[in-house]
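Notes for the one structure printed next.
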Amino acid sequence: MPSDPASRHRCQEEQHKALLLYERELWAQGYQRVLGMDEVGRGSLAGPVMVAGVILPRDARLIGVNDSKLLTAKQRSTCAAEIRAVAVDLAVAERDQRFIDQYGIVAAVESCQHEIIARLCPDYLLLDAFALPNVQVPQQALVKGDQKSLSIAAASIIAKVTRDAYMVEMDREYPLYGMASHKGYGTAKHRAALEQHGASALHRHSFLRFLEG
4 MPSDPASRHR CQEEQHKALL LYERELWAQG YQRVLGMDEV GRGSLAGPVM VAGVILPRDA
64 RLIGVNDSKL LTAKQRSTCA AEIRAVAVDL AVAERDQRFI DQYGIVAAVE SCQHEIIARL
124 CPDYLLLDAF ALPNVQVPQQ ALVKGDQKSL SIAAASIIAK VTRDAYMVEM DREYPLYGMA
184 SHKGYGTAKH RAALEQHGAS ALHRHSFLRF LEG
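Per our numbering, the sequence shown starts with residue 4, numbered consecutively.
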């Protein structure tokens with residue numbers, strides 16, 4: 004990113020325009036409710052997986068919105084507020100660690116996605132990486148979709164901010180594990196805490212068995 008303000012602004016404008024290419028093409032074809040979806044927490048050792056879905060208006064102006072992994076926590080928080088302010092529709096669904104242990108992470112993510120579709124009634128889906136089976140709505144799965152579609156990028160930010168806030172809250176309930184810092188992912192600090200204290204009710208026991216094996 005250029006250092007001078009004018010060049011930086013031009014760069015952000017170009018990035019914003021590029022992130023709307025898929026949406027603009029679909030709007031031109033007559034689709035009205037283009038839903039971008041993304042999940043967070045797929046690989047976490049603890050806590051829920053969350054999926055967010057965002058439908059943006061044609062005149063969406065979300066300069067700075069990008070893949071949530073490329074933004075700082077402060078930037079994500081700012082972007083999330085902007086997304087909520089302009090979105091036509093938005094929803095978050097989650098499946099907790101018990102659901103994940105019983106049915107698996109893929110089923111958990113797909114269950115969340117189906118819930119969001121039922122709630123938001125889109126006419127087209129933009130998904131990150133994986134197509135969604137058993138759905139009648141036309142769809143397109145984009146590799147690294149959160150870096151190619153503004154709707155998916157917006158969903159990734161909403162999902163990340165929502166889940167991070169939840170895991171910070173859970174840190175107060177399960178203070179031995181440092182959830183506020185790693186959000187349940189398998190960092191060295193988290194693994195050391197697991198070795199010292201064992202698993203909590205928040206942990207995905209199916210993931211821990213895989214870790215041990």
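The beta carbon of each residue, even a glycine, is placed where N, CA and C say it ideally should be.
- For the options R27, R212, A196, the alpha carbon positioned closest to that of P178 is the one of A196.
- Assignment of A110 by DSSP, reduced to helix, strand and coil, places it in the helix class.
- With respect to the C-alpha of M40, the residue from K147, M173, L205, R212 having the closest C-alpha is K147.
- If you draw a straight line from the Cα of M170 to the Cα of V95, it is about 15 Å long.
- Rounded to the nearest angstrom, the gap between the Cα atoms of K192 and Y180 is 8 Å.
- Annotation: the continuous beta strand (DSSP E) that includes V37 extends over 37 to 43.
- Going by DSSP, Y188 is part of no beta strand (DSSP E) at all; its letter is neither H nor E.
- Rounded to whole angstroms, the Cβ separation of V52 and A157 is 18 Å, and the two are not in contact under 8 Å.
- Distance between E17 and L65, taken at the CA atoms: about 12 Å.
- For the beta strand (DSSP E) assignment, the stretch 145 to 186 encloses no uninterrupted run of at least 3 residues.
- Sequence-distant partners of Y34 (beyond 5 residues in either direction) whose C-beta falls short of 7 Å from its own C-beta, in its chain, are D126, Y127.
- When DSSP states are grouped into helix, strand and coil, D62 belongs to the coil group.
- For R98, the secondary structure class from DSSP, reduced to helix, strand or coil, is strand.
- The secondary-structure analysis by DSSP pairs Y127 across a beta bridge with V37.
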